[in-house]
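For the record, the sequence lines run as chains F and Z. Per our numbering, the very first residue in the first sequence carries number 1; after that it's consecutive. Per our numbering, the very first residue in the second sequence carries number 1001; after that it's consecutive. Positions of the beta carbon are idealized from the N, C-alpha and C atoms, including for glycine. Here the structure is a predicted model, which is why all the values come from computation and not from measurement.
Protein chains: 2
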Amino acid sequence: MERILSSDVVKHAGKDVLVQGWLHKKRLLGGLNFLVIRDRAGLVQVVAEDEAEVEKLRGMQVGTVLTIEGQAFEEPRAPGGAEIRQPKITVDVSVTDESPIEIDKPLSHKPENLDTLFENRVIGLRNLQEQAIFKVQAAVEEAIRQYLFSQDFTEFNSPKLLPGATEGGAEVFKLDYFGKQATLAQSAQFYKQIMVGVFERVFEVNPTYRAEPSATTRHMTEFITVDVEMGFATFPELLNLLSNLINSAVAEVWKNSENQLKLWDAKQPVLKSEFPVLTMAEIHEKYSKATGTNTVGEKDLRPDEERWICDYAAKELGSEAVFVTEWPASEAKFYHKVDEQNPEFAERFDLLFRGVEIATGSMREHRYDVLIDQLAKKAGGQPEDDGFRYFLMAFKYGMPPHGGFGMGLERLVEKIIGLANIKEATLFPRDINRLAP
Amino acid sequence: MERILSSDVVKHAGKDVLVQGWLHKKRLLGGLNFLVIRDRAGLVQVVAEDEAEVEKLRGMQVGTVLTIEGQAFEEPRAPGGAEIRQPKITVDVSVTDESPIEIDKPLSHKPENLDTLFENRVIGLRNLQEQAIFKVQAAVEEAIRQYLFSQDFTEFNSPKLLPGATEGGAEVFKLDYFGKQATLAQSAQFYKQIMVGVFERVFEVNPTYRAEPSATTRHMTEFITVDVEMGFATFPELLNLLSNLINSAVAEVWKNSENQLKLWDAKQPVLKSEFPVLTMAEIHEKYSKATGTNTVGEKDLRPDEERWICDYAAKELGSEAVFVTEWPASEAKFYHKVDEQNPEFAERFDLLFRGVEIATGSMREHRYDVLIDQLAKKAGGQPEDDGFRYFLMAFKYGMPPHGGFGMGLERLVEKIIGLANIKEATLFPRDINRLAP
């Protein structure tokens, strides 16, 4: 007999079926015994009465791989609305050790339990709640790709082994590369800009590395960035692109991943079609007035300010996502564009969503001579360094006005689902304390 | 006036249009002057007669960013079947240096010119022939994803920073990780197998690292692997999946990327719906008989044998792709499954396509005790090492029969287009001699 999936059992009511999967749960009550089998489509209940069949499961633990042949019945109280009765059970792979972590009940995500969660990740992921996070992640990733394709963006693959630390700073992993030093990419920044000169509109969904020396709820040493760059674009067009991208991804995921989102009681975000825009000065002012903590004049937002302004935007502006603009030019990176009307500001934005920054972007300085000048002043960089000279080449031979952003995939998924720590939305998280599994 | 793309000029014949892009080619003939403008959609010709307008381009080189307003005319001899006449020209970004590499003519891909090609990659990619390679790469990647989604595979993201060299061997990059040693992933092998325990059918399109100390036409230090793994599968089902995947990708690409493929005179591969299967012994025998070079009894295929058998399969079996099976168990990795009927063989295959191996796969040993045994014997590995113990955990708690493969994205694209060196199909290739751009 051919294998069918758990979700198809209901369609075969009244017929013989064969399912295969993992023993997910077992309740042996003597006369009436309930098994739950998990396969890639979900769960199906099996009711066994024949003692000889049940005997085969003696000592068998959750995870045992089984083939079940039996008769399918409609059963509204069972998962999927069906169950299999009078099963013939075959133990394909026996498991005799008890799972180190619950598989059939939600796992604790309390801060103090996260280490146990990650230590047992390999098995814990078999839990449907954990699976749901990564089904949503895959769905978000696919929705992002499809939206960007619809806007004429081309996907590319850039190397992560680089000759130097392009963004500067100490948080860079270094490695020996046949006797030379290489670094791991802290971003695809230079490549995505170079690729604007080729395809105008480009993106990459790629791993990114930061030798972040502190363990926080917001940082990891390896994470996935959605890098997007758009040529012949203006600052408002960039904000518009990102508003549309998030709206599109959220709509797709709530359409296609409803069951997964329900397992986390995820609430569909309230979003405007164009996210509201607040300047940093406005936020400082509002926050200071409301909380009594004076941040006016500060050159960045405090984490608490990010949370506060998101609450404010949700309540007062009808949007759980909000752009922050007018970042001080003094703090800008050398490739950021300074606002020509207001030279004290860079044409940069952060996108805050549900209390945290999920994307940061800017217009880029596209004029070769100005860029060379900013490189020297801001980064202390030498145009002839391998880490810069190929990047600069793109500008020497003509780059249009352009801008882009990097968005953290795990942060977006964390906030879509309503998790508290970025690592919960990461399959196998990496931080200063964790390099395995 | 709103910008339109070069490809849309023909639809606006008789109307005023505005295009923006890079100066791709310039022929100033005095009275009649021809410009070609490049944007993300392709090329459009501009015919300028007004001396004052043409004067603006004095000293302007290829790459200059221009805005052109003028009247659209049908012109069958021009690219896209249209041209713009009586232009008003605005120089948005001037380029006064001559490009170090041709942009409007095909670039040489002769082995002796590849270094020049890669050194000037940033600008050379603006050449339409070079662009075409990476448009095809993006199309192949998307076709692969969509085929795997259609077969119920879930995409995942695994870390590239690992605690140890999982596949063993010297070709591993090592780095300092906060005082500990980390390595860069040589493959997603362990993670994709672990994920079979979660989603049954999984894949990842991911960067892969090999500290390959020789510069060849087939190897790089960083490349993209399509990692696929399927639970509750048999060896024939695995071959079938890969046959279908390649057939589907080739069909999609020839449907959607025809123009790009034409630029390289790419010939659609002749493929069977199920690729023919030859054992290694059969290939050795045929090759030895045909060439007089005796390889009978050898435990691998020589590169020349791979080329020869592909020619043979194309001519005699009607397929440019061919599976090689019955690999000696003595050479197998510890996670490979030994053929129970013929214990001298591993249930492994290579897929050869147009003369080169583009994928390698196998059934995996899924029984915990046998795997532990093979780990000790084959890899000399300790089950409690961080590099192994999490992997083994998946098996301790139940893994079904499964198998999978890794396919090199750049190799597949190289062979689809008909290039001679894997690096030609790589945006910014990395080998022992090249770490930039």
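Between residue i and the rest of its own chain, which residues show a CB-CB distance below 6 Å, the 5 nearest in sequence each way excluded?
i	result
Val1414(Z)	Before going further, note that residue 1414(Z) is Glu rather than Val in the sequence given. Ile1422 and Ala1425.
Leu1035(Z)	Lys1026 and Val1046
Asp1350(Z)	Val1324, Glu1357 and Thr1360
Glu130(F)	Gly124
Glu326(F)	Thr279, Met280 and Phe345
Lys180(F)	none
Please compile the residues from chain F whose C-beta is within a distance smaller than 7 Å of the C-beta of residue i.
i	result
Arg1040(Z)	Asp152, Phe199, Glu200 and Arg201
Trp1022(Z)	Gly398
Ser1099(Z)	Tyr397
Pro1437(Z)	Tyr390
Leu1175(Z)	Phe173, Lys174 and Leu175
Ala1329(Z)	Here the premise fails: no neighbours, minimum Cβ distance about 22 Å.
Can you give me the start and stop residues for the alpha helix (DSSP H) that residue i sits inside?
i	result
Met393(F)	Asp386 to Lys396
Pro438(F)	Residue 438(F) is absent from the structure shown; chain F starts at 1 and stops at 437.
Val140(F)	Leu128 to Ser150
Gly21(F)	Where Gly21(F) is concerned, there is no enclosing alpha helix (DSSP H), although the beta strand (DSSP E) it sits in stretches over Asp16 to Leu28.
Leu419(F)	It is not in any alpha helix (DSSP H) - Leu419(F) carries neither H nor E in the DSSP assignment.
Between which residues of its own chain and residue i is the CB-CB distance below 8 Å, once the five residues before and five after are set aside?
i	result
Gln1061(Z)	Leu1023, Val1095, Thr1096, Asp1097, Glu1098 and Ser1099
Tyr209(F)	Lys160, Val172, Phe173, Leu184, Ala185, Gln186, Thr221 and Glu222
Asn433(F)	Ala215
Asp265(F)	Gly418
Glu1051(Z)	none
Tell me which residue opens and which closes the beta strand (DSSP E) that residue i is part of.
i	result
Ile84(F)	Ala82 to Val93
Ser1362(Z)	Val1356 to Arg1364
Met407(F)	His402 to Gly408
Val46(F)	Gly42 to Ala48
Ile68(F)	Val65 to Glu74
Val54(F)	Per DSSP, Val54(F) belongs to no beta strand (DSSP E); it is in the alpha helix (DSSP H), Glu51 to Glu55.
Asp39(F)	Asn33 to Asp39
Who are the near neighbours of residue i in its chain, counting only those whose CB is closer than 7 Å to its CB and skipping five residues on each side?
i	result
Glu1461(Z)	With chain Z represented from 1001 up to 1437, any question about residue 1461(Z) goes unanswered, as that position is not in the structure.
Ala143(F)	Ser248, Ala249, Glu252 and Val253
Thr1067(Z)	Leu1018, Gln1020, Thr1090 and Asp1092
Pro1437(Z)	Arg1121, Val1122 and Phe1428
Arg1302(Z)	Thr1295
Arg218(F)	Val356 and Ile422
Leu128(F)	Leu263
Asp39(F)	Leu5, Ser6, Val19, Gln20 and Gly21
Arg1411(Z)	Val1356, Ile1358 and Ile1422
Using a C-beta to C-beta distance shorter than 8 Å, which residues of chain F count as neighbours of residue i?
i	result
Val1095(Z)	Lys396, Tyr397 and Gly398
Val1140(Z)	Per Cβ cutoff of 8 Å: no residues; Val1140(Z) is ~11 Å from chain F at best.
Val1065(Z)	Gly398, Met399 and Pro400
Using a C-beta to C-beta distance shorter than 7 Å, which residues of chain Z count as neighbours of residue i?
i	result
Asn157(F)	Ile1224 and Leu1427
Ile194(F)	Val1122
Lys378(F)	In chain order: nothing, as chain Z lies at least about 21 Å away.
Met393(F)	Val1122 and Ile1123
Leu161(F)	Thr1221, Glu1222, Arg1430 and Leu1435
Arg126(F)	Gly1197 and Val1198
Pro87(F)	Under the 7 Å cutoff, chain Z gives no residues; its nearest Cβ is about 18 Å from Pro87(F).
Starting from residue i, find everything on chain Z with Cβ-Cβ shorter than 9 Å and list it in chain order.
i	result
Pro213(F)	Phe1178
Val370(F)	Going along chain Z, no residue has its Cβ under 9 Å from Val370(F), so there is no contact; the nearest lies around 11 Å.
Tyr147(F)	In chain order: nothing, as chain Z lies at least about 14 Å away.
Could you work out which residues of chain F lie near residue i, taking near to mean beta carbons separated by less than 9 Å?
i	result
Ala1359(Z)	Within chain F, no residue comes near Ala1359(Z); the closest Cβ sits about 18 Å away, beyond 9 Å.
Phe1353(Z)	Near Phe1353(Z) there are no residues of chain F at all, since even the closest Cβ is about 20 Å away, more than 9 Å.
Residue i versus chain Z: which residues are under 8 Å apart at the beta carbon?
i	result
His131(F)	Sequence check: residue 131(F) is Gln here, not His. Near Gln131(F) (Cβ distances below 8 Å), the residues of chain Z are Val1198 and Phe1199.
His366(F)	Val1093
TODO: For the segment 1275-1315 of chain Z, list the beta strand (DSSP E) runs that are entirely contained and at least 3 residues long, ordered along the chain.
DONE: Within the segment 1275-1315 of chain Z, the complete beta strand (DSSP E) runs of at least 3 residues are 1277-1279.
TODO: Evaluate contact between the segment 1260-1269 of chain Z and the segment 1380-1393 of chain Z, counting only Cβ atoms and requiring at least three cross-stretch pairs below 8 Å.
DONE: Counting Cβ pairs under 8 Å, fewer than three are found: no touch.
Task: Contact the segment 183-192 of chain F vs the segment 142-154 of chain F: 3+ CB pairs below 8 Å - done: Counting C-beta pairs with one atom in each stretch, the segment 183-192 of chain F and the segment 142-154 of chain F have fewer than three that are closer than 8 Å, which means they do not touch.
Open item on the list: With a threshold of 8 Å, are at least 3 pairs of Cβ atoms found where one atom belongs to the segment 237-248 of chain F and the other to the segment 86-95 of chain F?
Closed with: Touching, no.
Open item on the list: Using 8 Å as the cut-off, can you tell me whether the segment 107-119 of chain F makes contact with the segment 222-239 of chain F, which would need three or more C-beta pairs spanning the two stretches below that distance?
Closed with: No: fewer than three Cβ pairs fall under 8 Å.
Task: Stretch pair the segment 192-200 of chain F + the segment 393-411 of chain F: three plus CB contacts closer than 8 Å - done: Contact between the segment 192-200 of chain F and the segment 393-411 of chain F is present, because at least three Cβ pairs lie under 8 Å.
- [ ] Would you be able to state if there are at least three C-beta pairs under 8 Å between the segment 333-347 of chain F and the segment 313-320 of chain F?
- [x] No, the segment 313-320 of chain F does not touch the segment 333-347 of chain F.
Task: Within the segment 154-223 of chain F, ranges of the alpha helix (DSSP H) (whole runs, at least 4 residues) - done: Complete alpha helix (DSSP H) runs here, min 4: 189-199.
Task: At least three beta-carbon pairs within less than 8 Å, the segment 99-112 of chain F to the segment 74-88 of chain F - done: Using a C-beta cut-off of 8 Å, the segment 99-112 of chain F makes no contact with the segment 74-88 of chain F, since fewer than three inter-stretch Cβ pairs fall below that distance.
TODO: Give a yes or no on contact between the segment 369-380 of chain F and the segment 171-183 of chain F, applying the rule of three or more CB pairs nearer than 8 Å.
DONE: No, they do not touch.
Task: Continuous alpha helix (DSSP H) assignments of at least 4 residues falling wholly in the segment 91-126 of chain F - done: With a minimum length of 4 residues, the continuous alpha helix (DSSP H) runs that stay inside the segment 91-126 of chain F are 114-119 and 121-124.
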